[in-house]
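Engineer:
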Amino acid sequence: MAYPFAMMFRDWRLERRLGLGEAARLLGIKGKNPGGTLVRIENGSRQPEADMVERILAFTDGAVTAADMHEVRLAWLKDNRPEKFSAALPAPQTEAAA
Numbered sequence: 002m003a004y005p006f007a008m009m010f011r012d013w014r015l016e017r018r019l020g021l022g023e024a025a026r027l028l029g030i031k032g033k034n035p036g037g038t039l040v041r042i043e044n045g046s047r048q049p050e051a052d053m054v055e056r057i058l059a060f061t062d063g064a065v066t067a068a069d070m071h072e073v074r075l076a077w078l079k080d081n082r083p084e085k086f087s088a089a090l091p092a093p094q095t096e097a098a099a
């Protein structure tokens with residue numbers, strides 16, 4: 002899956018030769034499998050909380066933005082949960098049309 006306009010955190014991390022565990026530790030990710038949590042954030046299968054988005058933004062000095070993470074998440078949803086996008090919303094009616 003390609004994300005032509007998004008700077009993926011994974012790419013940023015690999016360019017700096019940071020392993021998953023080390024990056025997860027530096028970002029303050031806790032739990033049984035911090036690297037696994039980071040993988041899911043990187044591939045879009047998990048939406049990061051707002052504070053994590055801010056930590057990633059600061060950690061990468063702005064190279065990976067909230068918009069980048071949003072684009073990755075949307076791409077994952079479109080590939081893995083297409084039903085969320087199958088029903089188009091009806092156009093809103095204006096007062097003149099009502």
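Taken in order, the sequence shown gives residues 2 to 99; the numbers are from this note's numbering.
All residues carry an ideal CB built from backbone N, CA and C; glycine is no exception.
1. Pick from Asp12, Gly29, Glu96, Phe86: whose alpha carbon is nearest that of Arg56?
2. Alpha carbon to alpha carbon, what distance is there between Met70 and Gly45?
3. Taking the C-alpha atoms as reference points, what is the distance between Arg11 and Leu75?
4. Determine the contact status of Leu21 and Leu39, defining contact as a CB-CB distance below 7 angstroms.
5. Where does Gly20 sit, in a helix, a strand or coil, going by DSSP?
6. Which same chain residues end up closer than 8 angstroms to Val65 when comparing Cβ atoms and leaving out the 5 residues on each side of it in sequence?
7. Three-state secondary structure (DSSP) at Pro49?
8. Kindly indicate the opening and closing residues of the alpha helix (DSSP H) around Ile42.
Structural biologist: So, to answer that:
1. Gly29
2. 7 angstroms
3. 16 angstroms
4. yes
5. coil
6. Met8, Met9, Phe10, Trp13, Ile57, Leu58
7. coil
8. 35-44
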